[in-house]
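A short worksheet on the structure shown next.
Residue numbers (the working numbering), protein chains in the order written: chain L, 1 to 160; chain H, 1 to 203.
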């Protein structure tokens, strides 16, 4: 994927998508963690997925549900597609079909720095679900398919 | 670390992946599966023990349908064929449950092997026990053992699945050259995005 220049990134940050509009931002691991810290949410769940990944697609609705339920308490579920850049139309279509609104993300970095930068224990297998606290510290990690109860428990463990 | 520390996190991972944890650098080929017979695409049965050569053994967990396996396929096949000529055994292992991924059934494996030009075996891990014993989690995932049967490299083929011309680090090739020269391997473990292995249920 072609990297967005700094002015373009600033423009994206300065003009977030209107409610209901879907915006897909290219990110590196470090950029994502910066956004998590900047947002300062109680809990941020990050799910790395891909359109071709069956377990990712199967667990996706549970994460969307969890994200909607957590909105009120200032927590969120963010999705990061690991698809190749030529799959962007499919990524957009799937997110829209799943009812994801606002900002979503797509990996814009080589695999190793991206994987290591997000979770040291992650091998890169999809799906992966990471739970960050308000300070942007990784507090929960799951590699492989989960479901609503599992994700909810991961969040509760971080909230304490 | 809070009570959702990495120990529990790892336990959670194991519960899903069915893996015994990744094989560590320096470890041998897991004894529990060294003599496990696996059906090759030529119909013959094969073991990892028999696939070893004097220079070592490359085990590639892969499959037919995963886009990442597809993207790297030509490079892995070309490199694997070359390794055979250098005295390193090569075997590609498909551990996916064809009940979950029909494209990973035996007949599609035969067709994929024939189309690819691979000269090394492509075998069925019939109960996914080999992937479990290795702690493999994704496709493609490579494990390179030296002539003494010790794991010297595990991870990706190179650092850009999609664009071969953009590759900056040829991890496997660098590992092979270092291994054959008796030198340390700069990047012995490289995570990479891949499809999770669709483990078969334990009998």
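Cβ atoms here follow ideal geometry from the backbone N, Cα and C, with glycine treated the same way. This one's a predicted model, so the numbers in the text were calculated from it and none came from an experiment.
Contact with chain L by residue i, beta-carbon distance below 8 Å
{"i": "residue 36(H)", "result": "no"}
{"i": "residue 56(H)", "result": "no"}
{"i": "residue 212(H)", "result": "This structure gives no information on residue 212(H), because the portion of chain H shown stretches from 1 to 203."}
{"i": "residue 195(H)", "result": "yes"}
{"i": "residue 4(H)", "result": "Interpretation of residue 4(H) is limited by its pLDDT of 30, a score under 50 that renders its predicted location unreliable; the figure taken from the coordinates is listed afterwards. Answer yes: the Cβ-Cβ gap between residue 4(H) and chain L drops below 8 Å somewhere."}
{"i": "residue 192(H)", "result": "yes"}
{"i": "residue 67(H)", "result": "yes"}
{"i": "residue 202(H)", "result": "no"}
{"i": "residue 119(H)", "result": "no"}
{"i": "residue 156(H)", "result": "yes"}
{"i": "residue 186(H)", "result": "no"}
{"i": "residue 208(H)", "result": "Outside the modelled stretch of chain H, which goes from 1 to 203, sits residue 208(H), for which no answer is possible."}
{"i": "residue 74(H)", "result": "no"}
{"i": "residue 105(H)", "result": "no"}
{"i": "residue 159(H)", "result": "yes"}
{"i": "residue 17(H)", "result": "At residue 17(H), the pLDDT of 35 sits below 50, so the modelled position is not reliable; the number obtained from the coordinates is stated separately. Yes - at least one Cβ of chain L is within 8 Å of the one on residue 17(H)."}
Assigned exposure category for residue i - 16 Cβ within 10 Å defines buried
{"i": "residue 109(L)", "result": "buried"}
{"i": "residue 163(H)", "result": "exposed"}
{"i": "residue 76(H)", "result": "buried"}
{"i": "residue 140(H)", "result": "buried"}
{"i": "residue 161(L)", "result": "The structure shown has nothing for residue 161(L), since chain L only spans 1 to 160."}
{"i": "residue 100(H)", "result": "exposed"}
{"i": "residue 230(H)", "result": "For chain H, the structure presents residues 1 to 203; residue 230(H) sits outside this window and is missing."}
{"i": "residue 95(H)", "result": "buried"}
{"i": "residue 68(L)", "result": "exposed"}
{"i": "residue 156(L)", "result": "exposed"}
{"i": "residue 89(L)", "result": "exposed"}
{"i": "residue 191(H)", "result": "buried"}
{"i": "residue 55(L)", "result": "buried"}
{"i": "residue 29(H)", "result": "buried"}
{"i": "residue 127(L)", "result": "buried"}
{"i": "residue 98(H)", "result": "buried"}
{"i": "residue 26(L)", "result": "buried"}
{"i": "residue 121(H)", "result": "buried"}
{"i": "residue 232(H)", "result": "Chain H is shown from 1 up to 203; residue 232(H) falls before or after that span and cannot be answered."}
{"i": "residue 83(L)", "result": "buried"}
Contact with chain H by residue i, beta-carbon distance below 8 Å
{"i": "residue 111(L)", "result": "yes"}
{"i": "residue 143(L)", "result": "yes"}
{"i": "residue 126(L)", "result": "yes"}
{"i": "residue 78(L)", "result": "no"}
{"i": "residue 161(L)", "result": "With chain L covering 1 to 160 only, the question about residue 161(L) has no answer from this structure."}
{"i": "residue 55(L)", "result": "yes"}
{"i": "residue 49(L)", "result": "no"}
{"i": "residue 82(L)", "result": "yes"}
{"i": "residue 123(L)", "result": "yes"}
{"i": "residue 3(L)", "result": "Here the model assigns residue 3(L) a pLDDT of 46, short of 50, so the residue's position is not dependable, and the following value carries that caveat. No - not a single Cβ of chain H is within 8 Å of the one on residue 3(L)."}
9 Å Cβ cut-off: residues of chain B touching residue i
{"i": "residue 26(H)", "result": "Of the protein chains in the structure, L and H, none is chain B."}
Integer-rounded CB distance, given that residue j should sit under 8 Å from residue i
{"i": "residue 118(H)", "j": "residue 80(H)", "result": "6 Å"}
{"i": "residue 81(L)", "j": "residue 49(L)", "result": "6 Å"}
{"i": "residue 197(H)", "j": "residue 68(H)", "result": "No, residue 197(H) and residue 68(H) are not in contact; Cβ-Cβ is about 12 Å, not under 8 Å."}
{"i": "residue 55(H)", "j": "residue 180(H)", "result": "7 Å"}
{"i": "residue 131(H)", "j": "residue 61(H)", "result": "6 Å"}
{"i": "residue 130(L)", "j": "residue 141(L)", "result": "5 Å"}
{"i": "residue 23(H)", "j": "residue 134(H)", "result": "5 Å"}
{"i": "residue 111(L)", "j": "residue 156(H)", "result": "7 Å"}
{"i": "residue 137(H)", "j": "residue 189(H)", "result": "With 8 Å as the limit, residue 137(H) and residue 189(H) do not qualify as a contact, their Cβ atoms being about 13 Å apart."}
{"i": "residue 77(L)", "j": "residue 24(L)", "result": "Rounded, the Cβ-Cβ distance is 15 Å, inconsistent with contact."}
Strand pairing of residue i, partner residues [DSSP]
{"i": "residue 142(L)", "result": "129(L)"}
{"i": "residue 164(H)", "result": "Residue 164(H) is not bridged to any residue."}
{"i": "residue 143(H)", "result": "59(H) and 154(H)"}
{"i": "residue 23(L)", "result": "103(L)"}
{"i": "residue 53(H)", "result": "56(H)"}
{"i": "residue 195(H)", "result": "126(L) and 139(H)"}
{"i": "residue 81(L)", "result": "49(L) and 106(L)"}
{"i": "residue 89(H)", "result": "57(H)"}
{"i": "residue 158(L)", "result": "Bridge partners of residue 158(L): none, in fact."}
{"i": "residue 76(L)", "result": "44(L)"}
{"i": "residue 23(H)", "result": "Paired residues: none, contrary to the question."}
{"i": "residue 46(H)", "result": "38(H)"}
Contact between the region 71-88 of chain H and the region 164-182 of chain H (3+ Cβ pairs under 8 Å): yes
Validate contact between the region 96-104 of chain L and the region 117-125 of chain L using beta carbons, cut 8 Å, 3 pairs: no
The region 191-201 of chain H contacting the region 106-115 of chain H, beta-carbon criterion three pairs below 8 Å: no
The region 138-156 of chain L / the region 61-76 of chain L touching (three or more Cβ pairs under 8 Å): yes
Cβ pair count under 8 Å reaching 3, the region 132-144 of chain L against the region 141-161 of chain H: no
The region 32-44 of chain H in contact with the region 120-128 of chain H per 3-pair CB rule at 8 Å: yes
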